[in-house]
Each structure stands twice: as structure tokens, then as C-alpha cells.
DNA sequence: CCGCATCCCACATGATACTG
DNA sequence: CAGTATCATGTGGGATGCGG
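Residue numbers (UniProt numbering), protein chains in the order written: chain U, 1 to 111; chain P, 1 to 111.
Structural data, given as C-alpha cells:
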């Protein structure tokens, strides 16, 4: 039920897992399919290596993404959504739709 | 379309407007109906007055909530979702549902 | 190529006191 | 009651360099 204690907690949990500055963007890219570390880095020029690694680790711990290491030289590491992680797609879609509405509203306001 | 530039931006916009540490919780309370400043403060013991004021102002600027001041002594200020703000209900619901799933998954993991 | 370790700082947030 | 103002703090995140 909206507004009760449990509701607040689950919303907060969700934001803890997929919220923040970088995770949503990373997840957006991974919904396209498997990406290498370097690819993600190139697609997100503003993120530092440190933050990218850190955020990926956290998503991995939460079982949202898979990390596949190819033992070879040069190293190769691939990230992809887990089967479970696929469930974020719907969530990202809803968030994006709301954002789109909001964007339209903002442009209306200026007119 | 999932994964393209616009998609990322709208998701980020959404998180900017309703994300963060306090806004989701404030909004959860306001989905229950109108609240006075002091009520919100009591329902969120961990938040400071300063942060509550700040977050409420931002939500007001984004036209998510209404601020109604009763000119009287002692002062009385009521906050409520705007008609537009009602649209966050659905979003919060989806986020809560995902969080619930995730919570169940976490408890499974421990067994 | 991928990632860890270290140092460092700005800014978001907190604590506290005061006011109409 | 519902804020402001001021000062303090800590941590998220950036820059850089090293290592397998």
C-alpha cells in the first residue's frame, strides 16, 4: 500500500540498487547487450575508470549483471545483464517515460 | 528505444527530479494526502529541518508539490501533490514492486 | 586492456542557534 | 510552527600512477 513503512523501504531499496549518478546509465547500455569494460568507458566519457569499476562491482554484487573474465593477453572482460537483471528493463522504461513527460512539461512552461 | 541517447537522458532526468535520499520518502508520505511541515518532520526523524525545507522547495519548483501557506499565528504550511505530481504515484509503485522482488531475492540468497 | 591504490577536494549534508 | 543563517563535516567522486 502506498505510503506505509514497507512501501517506503522498498522504494529506497530500489534506488539504492539502480539509482545514483552512474548506474542507470550503465544499465541503459547493458540493456543493449553485452559490453566490454572499454566499450562502456568509451560510451560514458564523463565517468572515471574508478567509478565505472566501482559501480559495476556493486551491480555485480546485487546480481544485476554478470562479469565474464577471459583469461588472455590482453585482458578482456565482458559485462551483461543477468537473467534477473533483465527485470530492470521494464523499470528503466517506466522511469524514462515519466522523464519524457516531465521534459515536455518543462518546455511547455517556458512558452 | 532502450539504450539510445534520449532514453538515458530521460531516465537521468527522472532520477534528478524524484531520486536521491529524501525525495522518494517525502513523496511516499504525500501520496497519502496533504501533510503539514511538522508532520513530515515527525514522520522522518532522520531528516534535518534544513534538508526537508530544501527538498520540498525543489519539488515545488518542479511542480510536483503544492505549498499552501496559512497566514496566521502560529504558522501553518501544508504540502500536497499537484495534479501533475499525482503521476509519480504510478512510478513509485513500480519502483516499490521491483524493490520488493529484490528483497525476496536477497532473503532467498541467504538460505 | 582492465583495474587497484592513493591522495585529495568540493560539495552535499549535518548540527546548532536564532527568528517572524 | 515553520522556517533561515551559519558553521562544521565526511564522503562521493576526481586525478594520477602502478600492476598483472
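We put the CB at the ideal spot given by N, CA and C, even for glycine.
Contact between residue 34 (chain P) and residue 79 (chain P) holds: their C-beta atoms lie close to 7 Å from each other, under 8 Å.
Residue 100 (chain P) has its alpha-carbon roughly 10 Å from the corresponding atom of residue 94 (chain P). Within its own chain, the residues whose Cβ lies closer than 6 Å to the Cβ of residue 64 (chain P), once the five positions on either side in sequence are excluded, are 85, listed in chain order. Proximity of residue 100 (chain P) to chain U, defined by a Cβ-Cβ separation below 8 Å, is satisfied. Judged by DSSP in its simplified three-state form, residue 26 (chain P) adopts helix.
With contacts defined as CB atoms closer than 8 Å, residue 89 (chain U) and residue 14 (chain U) fail to qualify as a contacting pair. Under a 10 Å Cβ-count criterion, residue 53 (chain P) is classified as exposed, with fewer than 16 other Cβ atoms of the shown protein chains found around its own Cβ.
For residue 47 (chain U), there is no enclosing alpha helix (DSSP H), as DSSP gives it neither H nor E. Beyond the five residues adjoining it in sequence on each side, residue 59 (chain U) comes within less than 6 Å, by CB distance, of 65 in the same chain, given in chain order. Within 10 angstroms of the beta-carbon of residue 68 (chain P) lie fewer than 16 other beta-carbons, which makes it exposed. Taking the Cβ atoms as the reference, residue 27 (chain P) lies roughly 6 Å from residue 92 (chain P), within the contact range of under 8 Å. Residue 76 (chain P) is positioned such that its CB atom lies closer than 8 Å to that of residue 36 (chain P). The beta carbons of residue 7 (chain P) and residue 96 (chain U) sit about 5 Å from each other, so the pair counts as a contact at 8 Å. CA-CA distance, residue 55 (chain P) to residue 4 (chain P), rounds to 30 Å. Assigned with DSSP and collapsed to three states, residue 8 (chain U) falls in helix. Our two residues, residue 17 (chain U) and residue 72 (chain U), have alpha carbons roughly 31 Å apart in a direct line. Taking residue 23 (chain P) as the centre and dropping the five residues before and after it, the same chain places the C-beta of 55 and 59 closer than 7 Å to its C-beta, in chain order. Membership of residue 40 (chain U) in any beta strand (DSSP E) is not indicated; the residue belongs instead to the alpha helix (DSSP H) covering 37-43. A residue is called buried when at least 16 other Cβ atoms come within 10 angstroms of its Cβ; residue 81 (chain P) meets this threshold and is buried.
In terms of beta-carbon proximity, residue 72 (chain P) stays away from the interface with chain U, with every pair separated by 8 Å or more.
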